[in-house]
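Trainee: My questions all concern the structure below.
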Amino acid sequence: MVETLVLPEGLKLESGAHLAPLEIAYARYGDPANPVVYICHALTGDAEVVTWWDTLIGPGKTIDTDRFHVICSNILGGCKGTTGPASTNPATGERYGLDFPLFTVRDMAETHRALLRGLGIEKVYAAVGGSLGGMQILQWSLDHPDEIERAVLVCATARLSAQNIAFSKVARHAIHNHDAMDVARMMAHITYLSEEGMELKFSRARRVPGAEMTIQSDFEVEHYLDHQAKIFLARFDPHTYLYLSRVMDYYEPFADGPAAPPTKYLLVSFSSDWRFGTEHSVYMEEQLRALGADVRHHEVESPWGHDSFLMDVPEYHRHVRDFVYQEAAATL
């Protein structure tokens with residue numbers, strides 16, 4: 091069940107803006123007496139992590155909610171209960187929309203920290219995140235290195251490439267100038283799957299084999315994109331998409347010259363991910379090693395591209411399980 095923590099004092103952002111009050115939507119699973127595993131979700135996720143990451147998290151799963159106390163919150167700027175562009179601006183009584191202040195990945199990490207303080211938790215045994223979720227954990231661990239014992243960063247990056255920024259620009263253009271978040275979502279799903287994954291999933295299959303040619307959707311891959319766009323429009327706020335995609339563009343945590351973190355890191359990348367390919371994890375590994383951090387990196391074979399972190403990929407799950415349980419086994 092999703093709960094809400096309200097912080098009347100709010101949060102001061104890196105920009106100098108002050109968000110108050112600040113509402114944080116979160117969900118908890120498992121016995122609070124067990125070691126805490128904190129989950130940071132990606133761009134379009136929410137607090138109910140056992141519903142969208144059920145390949146990895148749940149009773150008896152790799153992150154076992156019978157053995158860990160799992161916490162996940164909707165991120166700052168989200169539209170699933172945490173304060174964001176879709177929230178009501180107390181100064182006007184209307185939705186923030188584009189009046190919402192710009193924020194950073196560091197601000198997102200500070201929101202997670204504020205939630206944990208509100209729950210009386212000072213440190214987590216492990217933090218796990220894919221894509222933007224991993225970016226939040228990296229920032230958090232560099233800024234407050236004593237608060238995360240183990241960090242699992244999957245399909246993550248420490249800085250977006252020019253191609254990444256370009257894709258985000260096109261998505262924001264579709265939303266901002268044409269009110270076409272469905273187009274942005276279609277393009278995003280193309281970047282999330284590799285060409286091999288698309289071929290395995292759809293090939294050139296048509297919805298009605300042998301039918302006459304049509305200018306409308308015909309191939310199964312087209313219907314897939316239509317479906318993803320339709321359900322996304324029903325559940326997500328376009329201004330949230332604008333803000334969260336922009337947050338990622340400016341992210342570059344190693345530019346601040348962080349100190350050596352005691353956190354232990356596991357980086358997982360996938361062979362077919364062309365959104366945040368293996369080179370992104372290699373860069374993070376190099377930067378963390380230069381700081382003297384304990385870091386290991388595994389590239390895993392998978393045809394499913396960036397979406398691999400959400401899939402049931404046995405080798406990936408084995409690496410996460412081995413890392414998370416390495417020292418926890420004695421206390422579980």
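Residue 422, in the working numbering, is where the sequence shown stops; the numbers in between run on with no holes.
We put the CB at the ideal spot given by N, CA and C, even for glycine.
1) Short of 6 Å in beta carbon distance, which residues of its chain neighbour residue 156, apart from the five on each side in sequence? Order them along the chain.
2) Are residue 358 and residue 218 closer than 8 Å when you measure CB to CB?
3) If we ignore side chains and look at the alpha-carbon of each, how far apart do residue 186 and residue 341 end up?
4) Quick test of the definition: if touching needs 3 or more C-beta pairs under 8 Å, does the segment 222–232 touch the segment 198–211?
5) What's the gap between the Cα of residue 215 and the Cα of residue 299?
6) Can you name, in chain order, every residue of its own chain whose Cβ lies under 6 Å from the Cβ of residue 141, other than the five neighbours on each side?
7) Between which two residues does the alpha helix (DSSP H) harbouring residue 428 extend?
8) Measure the beta-carbon distance from residue 332 to residue 408 and round it to whole angstroms, keeping in mind my assumption that it falls under 8 Å.
9) Is the beta carbon of residue 363 sitting closer than 8 Å to the one on residue 245?
10) Quick check on the burial criterion: 16 or more other C-beta atoms within 10 angstroms. Buried or exposed for residue 384?
11) What does DSSP give as the partner residue(s) for residue 116 in the beta ladder?
12) Identify, in the order they occur along the chain, each residue of the same chain with its Cβ nearer than 8 Å to the Cβ of residue 124, setting aside the five sequence neighbours on each side.
13) Exposed or buried, residue 96, counting other C-beta atoms within 10 Å across all chains shown (16 or more means buried)?
Mentor: Quick answer:
1) On the sequence shown, position 66 is the one that residue 156 refers to. These residues qualify, in order along the chain: 149.
2) By 1-based counting over the sequence shown, the position of residue 358 is 268. By 1-based counting over the sequence shown, the position of residue 218 is 128. No, the pair does not count as a contact, with Cβ atoms beyond the cut-off.
3) Taking the first residue of the sequence shown as 1, we reach residue 186 at position 96. Taking the first residue of the sequence shown as 1, we reach residue 341 at position 251. Spanning the two alpha carbons is a distance of roughly 23 Å.
4) yes
5) To locate residue 215, count along the sequence shown from 1; it is residue 125. To locate residue 299, count along the sequence shown from 1; it is residue 209. For residue 215 and residue 299, the distance between alpha carbons rounds to 53 Å.
6) For the purposes of this step, residue 141 is taken as residue 51 along the sequence shown, with counting starting at 1. Closer than 6 Å at Cβ, skipping near neighbours: no residue.
7) There is no way to answer for residue 428, as the model of the chain reaches only from 91 to 422.
8) Position 242 of the sequence shown, counted from the start, is the residue given in the question as residue 332. Position 318 of the sequence shown, counted from the start, is the residue given in the question as residue 408. Between residue 408 and residue 332 the Cβ distance is about 38 Å, and since that is not below 8 Å, they are no contact.
9) Taking the first residue of the sequence shown as 1, we reach residue 363 at position 273. Taking the first residue of the sequence shown as 1, we reach residue 245 at position 155. Closer than 8 Å, so yes.
10) Within the sequence shown, the letter at position 294 stands for residue 384. Classification for residue 384: exposed.
11) Indexing the sequence shown from 1 puts residue 116 at position 26. Paired residue(s): 93, 163.
12) Working through the sequence shown from its first residue, we reach residue 124 at position 34. If we look at residue 124 and ignore the five residues flanking it on each side, its Cβ neighbours are 157, 158, 159, 422.
13) Numbered from 1 along the sequence shown, position 6 holds the residue referred to as residue 96. By the neighbour-count rule (16 or more Cβ atoms within 10 Å), residue 96 is not buried but exposed.
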